[in-house]
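Worksheet: the structure to be examined is printed underneath.
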Amino acid sequence: MKRAILRKHDEIKLVEENIPQITDTDILVRVIKCGICTGELMDWYVDMKAPYTPGHEIVGIVHKVGSNVKNFNIGERVVVHHHAPCMVCDSCLRGDYVHCDTWRKSKIYPGGFSEYIRVPEEIHKVDVLKIKQNISDDDAALIEPLATSVKAVKRAGIKPCENVLGIGLGFMGILNLKVCQVFGAKIFGVDIQPTRIELAGKFLENVGNYEDLGDNKFDVVIVAPGNSKAINEGLKYVRRGGRIVMFAPLPPSETLSLDANRIYFDEITIIPSYSAGPDDMRLAMSIIKDVKPSELITHRIKLENLNWGFKLAKRPEALKVMVEIG
């Protein structure tokens, strides 16, 4: 099979190797499509993990099952989460799935940007979802990123008719706001890139730049970009007693300096939201027809062109790059 290996953020090579062997408890999935994740565009983040095979926005077909596997059959179309919790530890019982040791350690092999992946039992018994025929391959592949938006909206406790500001109008920024609308919130989105504002206007009614906000304050501000300037901008526009969601991490070299007195006296709550758990995946699948994340796909490439795809995905005119594999 073919698989990609990321050696550093600007160097991705395609190699050929044997299809992964599975044990009695694994399943083997033939990957159909895999999206390039926003997190994989953070150079510092992928460089920390390199060398490895990226890709985790996966839809595929069950190609082979271990002799002890009872929950999947060959030929079933599935969405594969790249991590899954144990469901019995203290973190899982609290619903904090991403803090489960099993969630942190579990992984697929080698990664979504390969023709086949091995999925171990700890993942497929908890967070591999069978997909109904009325969900397209494109939407199915985007259930995982949609789940991260679902988790962020849930953690923020967004209620119907609350006013939500989304900072950053890339793929995830738009997806966050679309999920907010499903939850009944009133939304506005801003970006500093005119191209992103224009693109977002095709999917959201209320978008613009910071000048359009005036003196308005919002119940919740969701900051999609992983930079301190965007977070401080969010602090300007949140109401007293409001909430700010940190949707992305900052580079390790970047420190975050905040107005502590503003946070204290105005009782601003800062809420980080990292990845997603199995409950978020299932809720994402249930609202996929309302959100339609596949509409945000702007470019499609083949696995052979992945190096170019990563460069393309960083451009303002690219919202989502989908990699067609098999």
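For the sequence shown, this note's numbering assigns the number 328 to the last residue and increments by one with no breaks.
A virtual CB, placed ideally from N, CA and C, is assigned to each residue, including glycine.
Short Cβ contact (9 Å threshold) for residue i with residue j
{"i": "PHE312", "j": "GLU146", "result": "no"}
{"i": "VAL71", "j": "THR27", "result": "yes"}
{"i": "ILE290", "j": "LEU144", "result": "yes"}
{"i": "ASN165", "j": "ASP193", "result": "no"}
{"i": "GLY236", "j": "ILE169", "result": "yes"}
{"i": "GLY113", "j": "ALA6", "result": "yes"}
{"i": "ASN208", "j": "GLU13", "result": "no"}
{"i": "GLY172", "j": "THR40", "result": "yes"}
Three-state secondary structure assigned by DSSP to residue i
{"i": "CYS182", "result": "helix"}
{"i": "ALA278", "result": "coil"}
{"i": "ARG302", "result": "strand"}
{"i": "GLU319", "result": "coil"}
{"i": "ASN309", "result": "helix"}
{"i": "ASN263", "result": "helix"}
{"i": "LEU177", "result": "helix"}
{"i": "ASP221", "result": "strand"}
{"i": "ILE34", "result": "strand"}
{"i": "THR271", "result": "strand"}
{"i": "GLU213", "result": "helix"}
{"i": "GLY41", "result": "helix"}
Option in the options with minimal Cα separation from residue i
{"i": "LYS204", "options": "ILE176, PHE185, SER69, VAL100", "result": "ILE176"}
{"i": "GLU213", "options": "PRO196, MET287, ILE34", "result": "PRO196"}
{"i": "MET248", "options": "PRO295, ARG242, LYS238, SER230", "result": "SER230"}
{"i": "ALA286", "options": "LEU148, GLU297, VAL17", "result": "LEU148"}
{"i": "GLY159", "options": "ASP221, ASP292, ARG79", "result": "ASP221"}
{"i": "LEU298", "options": "ASP141, GLY186, VAL225, ILE24", "result": "ASP141"}
{"i": "SER69", "options": "TRP105, VAL100, ILE24", "result": "ILE24"}
{"i": "LEU8", "options": "VAL33, ILE21, TYR47", "result": "TYR47"}
{"i": "LYS294", "options": "LYS322, ILE303, PRO274", "result": "LYS322"}
{"i": "ALA278", "options": "GLU13, ILE270, ALA154", "result": "ALA154"}
{"i": "THR300", "options": "ASN307, ASP49, GLU319, ASP282", "result": "GLU319"}
{"i": "VAL184", "options": "SER288, ARG241, GLY77", "result": "SER288"}
Residue interval of the beta strand (DSSP E) (run including residue i)
{"i": "MET331", "result": "No answer is possible for residue 331: the residues shown for the chain start at 3 and end at 328."}
{"i": "LYS188", "result": "188-192"}
{"i": "GLU18", "result": "13-18"}
{"i": "ILE24", "result": "Here ILE24 belongs to no beta strand (DSSP E), and DSSP marks it neither H nor E."}
Where the alpha helix (DSSP H) through residue i begins and ends
{"i": "LYS4", "result": "From DSSP, LYS4 is part of no alpha helix (DSSP H) but of the beta strand (DSSP E) over 4-10."}
{"i": "GLY236", "result": "230-239"}
{"i": "LEU201", "result": "196-202"}
{"i": "ILE290", "result": "290-293"}
Fully enclosed by the region 58-135, which beta strand (DSSP E) runs are 3 residues long or longer?
59-67, 79-82, 118-121, 130-132
Just to confirm the assignment: which complete alpha helix (DSSP H) runs, minimum length 4, are found wholly within the region 134-176?
For the region 134-176, the continuous alpha helix (DSSP H) assignments of 4+ residues that do not extend past its boundaries occur at 139-143, 145-158, in sequence order.
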